[in-house]
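Undergrad: In this text, residue positions in the sequence shown follow numbering that gives the first Met the number 0: the first is 0, and each later residue adds one.
From the three backbone atoms N, C-alpha and C, an ideal C-beta is built for every residue, glycine too.
If you scroll down you'll find the structure; I have some questions about it.
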Amino acid sequence: MMRGRQALGIAVRRPDGTVTVREERLRPWSARWPFLKWPVVRGATALVEAMVIGVKALNFSASEQMAEEEGEELGFKELAVTFAVALLLTVGLFVVLPALIIRFIQDYVAHNVLLNFIEGAIKITFFALYIVAIARLDDIKRVFQYHGAEHKAINCYEAGLPLTVDNVRRQSIVHTRCGTNFILIVLLLSVFVFSFFGRPPFLLRVLYHLAVLPLVAGLSYEVIRHAARDDAFFLIKWLATPGLWMQKLTTRAPDDSQIEVAIRALQCVLARDGVLTEADAAGPAQQAAPAEEPATEAARAGTGAGAAHAG
Numbered sequence: 000m001m002r003g004r005q006a007l008g009i010a011v012r013r014p015d016g017t018v019t020v021r022e023e024r025l026r027p028w029s030a031r032w033p034f035l036k037w038p039v040v041r042g043a044t045a046l047v048e049a050m051v052i053g054v055k056a057l058n059f060s061a062s063e064q065m066a067e068e069e070g071e072e073l074g075f076k077e078l079a080v081t082f083a084v085a086l087l088l089t090v091g092l093f094v095v096l097p098a099l100i101i102r103f104i105q106d107y108v109a110h111n112v113l114l115n116f117i118e119g120a121i122k123i124t125f126f127a128l129y130i131v132a133i134a135r136l137d138d139i140k141r142v143f144q145y146h147g148a149e150h151k152a153i154n155c156y157e158a159g160l161p162l163t164v165d166n167v168r169r170q171s172i173v174h175t176r177c178g179t180n181f182i183l184i185v186l187l188l189s190v191f192v193f194s195f196f197g198r199p200p201f202l203l204r205v206l207y208h209l210a211v212l213p214l215v216a217g218l219s220y221e222v223i224r225h226a227a228r229d230d231a232f233f234l235i236k237w238l239a240t241p242g243l244w245m246q247k248l249t250t251r252a253p254d255d256s257q258i259e260v261a262i263r264a265l266q267c268v269l270a271r272d273g274v275l276t277e278a279d280a281a282g283p284a285q286q287a288a289p290a291e292e293p294a295t296e297a298a299r300a301g302t303g304a305g306a307a308h309a310g
């Protein structure tokens, strides 16, 4: 899945080998409520928008994969249940469980900053172990390959090269604006932000973490925006570096068929943004020099993997 200025492009390879592309016009919430464009606020807003868009895109991808069997997308109720279960598991693994561990060791740690550093390290460890564990599943491995294909396609575009399979294949598999970077920066910044809350009881600690998460997410979004610039402050670049390392876990080298899917999704949004003609977007890629950088949805707000990869 790719996101441009005006549209969202979702490309899916169907069981018969063909590639289906869906374009959805973007209607950002900030267009209706301008205050959502404010720094920090826009980061939290982008995160929520990305989660909503991501669930819809995953639904479309799944329906295309099962087109020969059912051919129908999930309804609102099924999507809501899926989203709720995923959210509960995320909160349980990365908020509740680390807070529970901290509850049992806090009497042995003198300083709040050190205690929050330990909690951050626990969360990062859980995240890395979670990624390593699910990467053993064949379907998730394919997801990570499509994730790598997204990065390669965008790197090719930003290098000013024509979007061909050969050009894309030679590009780096990591990207500064990846959602993996976002997650790592959230975890790192949380160490600093949560140090101001002292040592509340277990339940309050969990509630504080959830309440302050939009602020941390907003700050992390601003860090990623700045880190992607060539003239970024070196401390910002340093803060984004662990996310680049972690991308080695969340991406895999894609094959040519997966690269083709990523190219088709990117061509879709470039055509809507006026960078490519409709004819170019429907066939082999030939592109103009980059205008405004497109990004995967994961890069915009940190959902992890884009929907071009059926997840």
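Looking only at its chain, what residues have a beta carbon closer than 7 Å to the beta carbon of residue 231, apart from the 5 residues adjacent to it on each side?
TA: So the list reads 225, once near-sequence residues are dropped.
Undergrad: Among 219, 199, 274, which has the Cα closest to the Cα of residue 44?
TA: Checked all of 219, 199, 274; the closest Cα to residue 44 is 219.
Undergrad: Could you work out which residue in 63, 209, 119 is closest to residue 19 when comparing CA atoms only?
TA: Of the listed residues, the one whose Cα sits closest to residue 19 is 63.
Undergrad: I'd like to know if the segment 83-96 and the segment 240-253 are in contact, where contact means that at least 3 CB-CB pairs between them fall below 8 Å.
TA: The segment 83-96 and the segment 240-253 do not touch, with fewer than 3 CB-CB distances between them shorter than 8 Å.
Undergrad: Classify residue 97 as buried or exposed, calling it buried when 16 or more other Cβ atoms lie within 10 Å of its own Cβ.
TA: buried
Undergrad: Kindly indicate which three-state DSSP category residue 0 falls into: helix, strand or coil?
TA: coil
Undergrad: Could you tell me which of 271, 268, 275, 263 sits nearest to residue 17, measuring between CA atoms?
TA: 263
Undergrad: Go through the segment 119-162 residue by residue and report every complete run of the alpha helix (DSSP H) that reaches 4 residues or more, in order.
TA: 137-157, all fully within the segment 119-162.
Undergrad: Between 229, 199, 142, which has its C-alpha nearest residue 12's C-alpha?
TA: 142
Undergrad: Leaving aside the five residues before and after residue 115 along the sequence, list all residues of the same chain whose C-beta is less than 6 Å from its C-beta, in chain order.
TA: 190, 193, 194
Undergrad: Ends of the alpha helix (DSSP H) at residue 204?
TA: 201-226
Undergrad: By the DSSP assignment, the alpha helix (DSSP H) with residue 235 in it spans what residues?
TA: 233-249
Undergrad: Using the Cα positions of residue 267 and residue 210, report the straight-line distance between them to the nearest angstrom.
TA: 37 Å
Undergrad: Count the other CB atoms within 10 Å of the CB of residue 36; is the residue buried (16 or more) or exposed (fewer)?
TA: exposed
Undergrad: Whose CA, out of 174, 144, 165, 216, lies closest to the CA of residue 157?
TA: 174
Undergrad: Compute the Euclidean distance between the alpha carbons of residue 1 and residue 177, then round it to the nearest angstrom.
TA: 12 Å
Undergrad: For residue 6, name the three-state secondary structure that DSSP assigns.
TA: Looking at residue 6 - three-state DSSP - the assignment turns out to be strand.
Undergrad: In or out: residue 103 buried (at least 16 other Cβ within 10 Å) or exposed?
TA: exposed
Undergrad: In terms of residue numbering, what span does the alpha helix (DSSP H) encompassing residue 268 cover?
TA: Per DSSP, residue 268 belongs to the alpha helix (DSSP H) from 255-271.
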